[in-house]
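This report concerns only the one structure given below.
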Amino acid sequence: MSFRYGLRTFALELLMIAVAIAFLFPVYALVTLSLKDPQQIAASPLGPPTSPTFANFGNAWESASFGSALLNSTLITVVSVLILIAIGSFAAYFVARWQTRLGYGLYVLFLLGIVLPFQLGMIPLFTLVDDVGLLGTYQGMVIFYTGIQLPFTIFLYTGFIRALPTDYADAALIDGATHWRAFTQVVFPLLRPITGTVLILNAVFIWNDFFTPLLYLGGSERETIPVRIFSFVGQYVSDYGLVFAGLVLAALPILAIFLVLQKYVIKGFSSGLKG
Amino acid sequence: MRGRTRRFLLPPWWFAAPALLVYAVVVLYPSGAGVVYAFTDWTGIGDFSFIGFENFTKLWSDEATRGSLVNTLLLTVAIVLVQNGIGLLLALGVHARIKSRSLLRVIFFAPAVVSPVMVAFLWKYVYNPKPNEGLNGLLASIGLGSWRQDWLGDPDLALWSVAFMVVWQFAGYSMVIFLAGLESVPDNLIEAAMIDGAGRWQRFRHVTWPLLAPAVTVTVMLSTIGGLKLFDQVYAATNGGPGYASETLSTVLYKQAFVFGNYGYSTAIALVLALFVAAVSLVQVHLLRGREVTVS
Numbered sequence: 001m002s003f004r005y006g007l008r009t010f011a012l013e014l015l016m017i018a019v020a021i022a023f024l025f026p027v028y029a030l031v032t033l034s035l036k037d038p039q040q041i042a043a044s045p046l047g048p049p050t051s052p053t054f055a056n057f058g059n060a061w062e063s064a065s066f067g068s069a070l071l072n073s074t075l076i077t078v079v080s081v082l083i084l085i086a087i088g089s090f091a092a093y094f095v096a097r098w099q100t101r102l103g104y105g106l107y108v109l110f111l112l113g114i115v116l117p118f119q120l121g122m123i124p125l126f127t128l129v130d131d132v133g134l135l136g137t138y139q140g141m142v143i144f145y146t147g148i149q150l151p152f153t154i155f156l157y158t159g160f161i162r163a164l165p166t167d168y169a170d171a172a173l174i175d176g177a178t179h180w181r182a183f184t185q186v187v188f189p190l191l192r193p194i195t196g197t198v199l200i201l202n203a204v205f206i207w208n209d210f211f212t213p214l215l216y217l218g219g220s221e222r223e224t225i226p227v228r229i230f231s232f233v234g235q236y237v238s239d240y241g242l243v244f245a246g247l248v249l250a251a252l253p254i255l256a257i258f259l260v261l262q263k264y265v266i267k268g269f270s271s272g273l274k275g
Numbered sequence: 276m277r278g279r280t281r282r283f284l285l286p287p288w289w290f291a292a293p294a295l296l297v298y299a300v301v302v303l304y305p306s307g308a309g310v311v312y313a314f315t316d317w318t319g320i321g322d323f324s325f326i327g328f329e330n331f332t333k334l335w336s337d338e339a340t341r342g343s344l345v346n347t348l349l350l351t352v353a354i355v356l357v358q359n360g361i362g363l364l365l366a367l368g369v370h371a372r373i374k375s376r377s378l379l380r381v382i383f384f385a386p387a388v389v390s391p392v393m394v395a396f397l398w399k400y401v402y403n404p405k406p407n408e409g410l411n412g413l414l415a416s417i418g419l420g421s422w423r424q425d426w427l428g429d430p431d432l433a434l435w436s437v438a439f440m441v442v443w444q445f446a447g448y449s450m451v452i453f454l455a456g457l458e459s460v461p462d463n464l465i466e467a468a469m470i471d472g473a474g475r476w477q478r479f480r481h482v483t484w485p486l487l488a489p490a491v492t493v494t495v496m497l498s499t500i501g502g503l504k505l506f507d508q509v510y511a512a513t514n515g516g517p518g519y520a521s522e523t524l525s526t527v528l529y530k531q532a533f534v535f536g537n538y539g540y541s542t543a544i545a546l547v548l549a550l551f552v553a554a555v556s557l558v559q560v561h562l563l564r565g566r567e568v569t570v571s
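Protein sequence lines correspond, in order, to chains A and B.
Per this note's numbering, the first sequence runs over residues 1 to 275.
Per this note's numbering, the second sequence runs over residues 276 to 571.
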């Protein structure tokens with residue numbers, strides 16, 4: 001491990017850049033095609049766009065009713081993540097502090113949910129959601145995501161809380177604070193690093209999830225971006241320029257957030273599952 | 276100390292109540308009901324009766340479902356090996372002191388934050404069978420025209436094409452987990468090995484690799500569970516086709532439920548999937564934890 005930038009390092013640099021260029025080929029195809037009209041695509045699908053057109057983007061936005069899908073995705077993601085952080089951190093604090101059979105049993109019960117694939121309960125839950133009239137609603141999706149992501153959220157919070165000293169909360173309680181105040185004002189601020197991880201991992205999962213919104217929201221006004229894009233692609237499958245403009249639009253919000261917060265996102269993903 | 280915590284310092288029961296309630300309604304009750312329905316002929320409407328293990332014997336005798344079981348396992352093994360192999364190489368590459376390493380990390384990781392359905396649609400174009408489009412067009416333009424294939428339409432290739440698309444999206448995810456592991460390897464250990472005359476490979480094999488074990492545990496577990504449950508990519512790219520060539524447990528159980536209305540049979544397939552995921556998780560935690568070492 002020499003710290004000099006020698007010939008070897010330079011060769012590695014070139015190799016890695018070449019790998020990255022090959023890796024980016026699909027992205028190149030995506031952007032190039034989204035900038036061409038059908039005639040240009042027919043003439044030369046993969047050549048660089050000679051006279052780029054942005055018409056595809058406007059058309060895709062219109063025909064996919066992309067604005068409403070963006071709103072739906074945002075609402076469902078934001079509300080679900082906020083509820084997950086709130087009730088997940090409270091429950092994790094409970095199981096982390098009660099180092100008894102009860103606390104441990106509850107923790108294991110929650111962890112079971114990480115191993116159980118949601119497909120096992122998929123149909124009973126679907127009929128339940130249907131019975132109570134929550135198909136095609138925001139509430140149904142928010143409740144679903146809260147439940148399905150709680151095990152992972154509690155797992156992350158519990159590990160973090162167990163490593164924290166309990167003195168601050170104890171001091172607050174001895175001074176007469178309620179449990180609510182001791183947790184929300186003393187403990188919760190200390191959880192900030194793990195709250196960031198919880199927020200990022202849950203938000204990315206919920207934002208990108210496809211299967212359940214397809215089942216619960218498909219065909220409704222409340223479709224999220226992946227579901228809307230799915231039907232949009234099915235409808236315009238032969239018009240690659242339009243379809244790819246739709247895909248670019250759909251990928252842009254999360255890619256933009258990723259680029260702004262890259263340090264935190266990568267940290268969240270790489271540390272998330274260390275237990 | 277911990278066991279002696281005075282009781283009034285412990286949070287009251289209602290701290291756990293909301294989470295437990297939602298978890299019970301969304302996960303525990305439906306999963307429990309799923310286990311029960313797996314032994315019935317439920318179709319979603321009207322009554323159902325218990326039929327013992329009939330769904331499971333059907334699962335094994337039904338060629339499409341058995342094929343999907345085999346496909347799921349093949350796909351998972353391929354994804355785990357290739358994704359983690361490439362992820363490790365990428366991590367070693369961008370861990371070195373090359374100038375472009377921050378940019379390369381962002382590039383390789385970026386696909387992991389995009390919805391798998393969208394990646395599948397993009398790759399559906401990359402795998403376009405036409406000779407001048409997508410990957411075929413690229414191969415032709417660099418003089419490898421003879422390598423062109425009908426990537427998703429050829430039954431012998433479709434499954435591997437899907438696997439490669441998943442690897443493309445998530446190799447960067449494995450990379451960042453390995454990177455976190457590499458960053459935790461103390462420089463002085465590497466230097467000590469160098470002073471002792473260890474070459475590059477020996478340093479990797481005997482110092483770095485053992486210390487990467489926690490990262491290996493995490494990324495192998497994640498990719499295995501992800502591979503077993505794989506649905507979105509298959510559904511969007513091939514919908515299980517051509518024929519049943521790329522059908523997985525998740526796509527078959529989806530079709531059995533929502534196309535054919537065989538709810539009981541579908542939950543039986545889901546139960547098999549659940550048992551696989553649980554078994555693999557337990558075995559892996561055991562095996563991989565066994566070889567973890569720590570720096571003291």
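Backbone N, C-alpha and C fix where the C-beta goes; we use that ideal spot for every residue, glycine too.
Tell me where the alpha helix (DSSP H) around residue i begins and ends.
i	result
L35 (chain A)	Where L35 (chain A) is concerned, there is no enclosing alpha helix (DSSP H), given that its DSSP letter is neither H nor E.
V495 (chain B)	A488 to K504
R475 (chain B)	R475 to R478
I470 (chain B)	D462 to I470
W51 (chain A)	The displayed chain sequence assigns Ser, not Trp, to residue 51 (chain A). No alpha helix (DSSP H) contains S51 (chain A), which DSSP labels as neither H nor E.
L191 (chain A)	Segment: none, L191 (chain A) is in no alpha helix (DSSP H) and carries neither H nor E.
V394 (chain B)	P391 to V401
E13 (chain A)	L7 to F23
S449 (chain B)	A433 to E458
Taking only beta-carbon atoms, is residue i less than 7 Å away from chain A?
i	result
R277 (chain B)	Any reading at R277 (chain B) must be qualified, since the residue scores a pLDDT of 48, below 50, and its modelled position is unreliable; the value itself is stated next. Cβ-Cβ to chain A under 7 Å: yes for R277 (chain B).
I373 (chain B)	yes
E408 (chain B)	yes
Y519 (chain B)	no
V352 (chain B)	no
S306 (chain B)	yes
S571 (chain B)	Confidence is the limiting factor: at S571 (chain B) the pLDDT is only 43, short of 50, which leaves the residue's position unreliable and the question unanswerable from this model.
F328 (chain B)	no
R449 (chain B)	Note that residue 449 (chain B) corresponds to Ser in the displayed sequence, not to Arg. Taking Cβ atoms only, chain A never reaches closer than 7 Å to S449 (chain B), which makes this a no.
G539 (chain B)	no
A532 (chain B)	yes
A366 (chain B)	no
I417 (chain B)	no
Is there a C-beta anywhere in chain B that falls below 7 Å from the one on residue i?
i	result
Q139 (chain A)	no
Q89 (chain A)	Note on identity: in this sequence residue 89 (chain A) is Ser, with Gln being the wrong assignment. Answer no: the Cβ-Cβ gap between S89 (chain A) and chain B never drops below 7 Å.
R222 (chain A)	no
W180 (chain A)	no
W61 (chain A)	no
T77 (chain A)	no
G133 (chain A)	no
M1 (chain A)	Because M1 (chain A) carries a pLDDT of 46, less than 50, the predicted location of this residue cannot be relied on, and the following value inherits that uncertainty. Yes, M1 (chain A) counts as interfacial toward chain B.
A11 (chain A)	no
N20 (chain A)	Residue identity check: residue 20 (chain A) is Ala in the sequence provided, not Asn. A20 (chain A) counts as touching chain B.
R97 (chain A)	yes
Y93 (chain A)	yes
I85 (chain A)	no
F211 (chain A)	yes
A177 (chain A)	no
Taking Cβ to Cβ, would you say residue i is nearer than 7 Å to residue j?
i	j	result
A203 (chain A)	T77 (chain A)	yes
L214 (chain A)	V233 (chain A)	no
V441 (chain B)	I354 (chain B)	yes
L379 (chain B)	A182 (chain A)	no
T542 (chain B)	I123 (chain A)	yes
V503 (chain B)	T351 (chain B)	Residue identity check: residue 503 (chain B) is Leu in the sequence provided, not Val. In this structure, T351 (chain B) lies closer than 7 Å to L503 (chain B) by Cβ.
A294 (chain B)	L150 (chain A)	yes
G241 (chain A)	L30 (chain A)	no
G176 (chain A)	V302 (chain B)	no
N107 (chain A)	P286 (chain B)	A quick correction: the sequence has Tyr, not Asn, at residue 107 (chain A). Contact: no.
G447 (chain B)	A387 (chain B)	yes
F383 (chain B)	M450 (chain B)	yes
Quick one: what's residue i bridged to in DSSP?
i	result
T315 (chain B)	B:F325
Contact set between the segment 492 to 507 of chain B and chain A, restricted to residues whose Cβ is under 7 Å from the partner:
V493, L497, K504, F506 and D507
At a CB distance below 9 Å, what residues from the segment 185 to 205 of chain A approach chain B? Give them in sequence order.
V204
Scan the segment 380 to 407 of chain B for residues whose Cβ lies nearer than 9 Å to a Cβ of chain A and list them as they occur along the chain.
R380, V381, I382, F383, F384, A385, P386, A387, V388, V389, S390, P391, V392, M393, V394, F396, L397, W398, K399, Y400, V401, N403, K405 and N407
Positions along the segment 141 to 169 of chain A whose CB lies within less than 8 Å of some CB in chain B
If you check each beta-carbon in the segment 141 to 169 of chain A against every beta-carbon of chain B, the ones closer than 8 Å belong to I143, F144, T146, G147, I148, L150, P151, I154, T166 and A169.
Any C-beta of chain B within less than 9 Å: which residues of the segment 42 to 59 of chain A qualify?
S44, P45 and L46
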